[in-house]
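Notes follow once the structure below has been shown.
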Amino acid sequence: MLLEGDVVRARSVRRSGADFAAAARGCFDDVIVATGLDAADVGRVVASGYGRRSVDFADSTVTEITCHARGCFASFPGQMTIVDIGGQDNKVIVVEAGGERRNFKMNRKCAAGTGAFLEEIAGQLDTPLEALNDLACQASGSIELGSFCTVFAKTELLALIAQGTPVPEIVKAAFRSVAKRILEMDPLIGRVVMTGGVVAHNPIIAGLVSDALGREVLVPDHPQHTGALGAALIARET
62 MLLEGDVVRA RSVRRSGADF AAAARGCFDD VIVATGLDAA DVGRVVASGY
112 GRRSVDFADS TVTEITCHAR GCFASFPGQM TIVDIGGQDN KVIVVEAGGE
162 RRNFKMNRKC AAGTGAFLEE IAGQLDTPLE ALNDLACQAS GSIELGSFCT
212 VFAKTELLAL IAQGTPVPEI VKAAFRSVAK RILEMDPLIG RVVMTGGVVA
262 HNPIIAGLVS DALGREVLVP DHPQHTGALG AALIARET
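In my numbering, the protein residues as written are 62 to 299.
Here it is in structure tokens:
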């Protein structure tokens, strides 16, 4: 993301694959081309995320937890509990009224409830990942997956397919599993803001969490870019 003052001039997303440095450089080049600027016009670059230390052209690095907190606070000032559903992990981040991060929790030990879990589901169903949200919206939600574990869920999926269970019902069960996993990670106190690429492409998850909590769940306009926004704001302020 390229920020000029308070205006987002350009944003870019690329799949990182195994080369974080190349993906970061590609995104940087994308926003430079989109704005017609020269690389030398960029005052400061902050890298975040798992591959942040591989971005050799960054001036500094900041954790994605700090960046998500800063980005969400820019959209929704005040106390909040942030839920970031990522490809590799989930995070629950508690932010104080003044924007200070109080604490956070992560599920680092397995892929349960993450984007990787949904990719596995899509692969087993031979369904494009981007089609999952629309499929789930067609379902009644009459079944549940009994396991959060990606390995065990695969066995359940095969059984459901063998029983002739409609694909939309299976997909919605997978999304309900993700929402349930989030709700069991930590009490979601006060305002809840959901962010990350998984929520951006699968808004049904925010709806399922909202239904379970019995109150509105907030989602930024560009949830996949919230961390990048936080990094850009930190770059501007340092």
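Even for Gly, the Cβ is constructed at its ideal location relative to N, Cα and C.
Check: Rounding to the nearest angstrom, what Cα-Cα distance links Asp274 and Ala177 in this structure?; Outcome: Looking at the sequence shown, residue 274 is not Asp but Leu. Leu274 and Ala177: Cα-Cα distance of roughly 25 Å.
Check: Rounded to the nearest angstrom, what separates Gly148 and Glu125 at their Cα positions?; Outcome: 13 Å
Check: Under 8 Å between the Cβ atoms of Ile295 and Val123?; Outcome: yes
Check: Closer than 8 Å is the cut-off here; do at least three beta carbon pairs connect the region 88-101 with the region 240-257?; Outcome: no
Check: Starting from Ser271, follow its DSSP beta bridges and name the residues at the other end.; Outcome: None, per the DSSP bridge assignment.
Check: Should Ala158 and Gly132 be called a contact, given that it needs their Cβ atoms to be closer than 8 Å?; Outcome: no
Check: List the whole-angstrom C-beta distance separating Val278 from Val270, where the pair is believed to meet the contact cut-off of C-beta under 8 Å.; Outcome: 5 Å
Check: Report yes if the C-beta distance between Asn168 and Met246 is below 8 Å; otherwise report no.; Outcome: yes
Check: Between which two residues does the alpha helix (DSSP H) harbouring Ala158 extend?; Outcome: That residue, Ala158, is in no alpha helix (DSSP H); it is neither H nor E in DSSP.
Check: Can you check the region 104-142 for any alpha helix (DSSP H) of at least 4 residues that lies completely inside it and give the ranges in chain order?; Outcome: 125-136
Check: Please return the same chain residues whose Cβ sits closer than 7 Å to the Cβ of His286, not counting the five positions on each side in sequence.; Outcome: Met62, Arg72
Check: State the beta-bridge partners of Ile204 as determined by DSSP.; Outcome: None, per the DSSP bridge assignment.
Check: Among residues of its own chain, excluding the 5 on either side of Ile44, which ones have a beta-carbon nearer than 7 Å to its beta-carbon?; Outcome: Because residue 44 is not part of the residues shown, which for the chain are 62 to 299, the question remains open.
Check: Measuring alpha carbon to alpha carbon, tell me which of His283, Phe118, Ala82, Thr299 ends up nearest Asp145.; Outcome: His283
Check: If Gly251 sits next to His129, beta carbons under 8 Å apart, how far is it from one beta carbon to the other, in whole angstroms?; Outcome: No, Gly251 and His129 are not in contact; Cβ-Cβ is about 16 Å, not under 8 Å.
Check: Give me the DSSP bridge partner(s) of Phe165.; Outcome: Ile154
Check: Where does Thr175 land, buried or exposed, given buried means 16+ other C-beta within 10 angstroms?; Outcome: buried
Check: May I ask which residues mark the beginning and end of the beta strand (DSSP E) holding Thr256?; Outcome: 253-256
Check: Taking DSSP's pairing of strands, which residues face Leu63 in a bridge?; Outcome: Ala71
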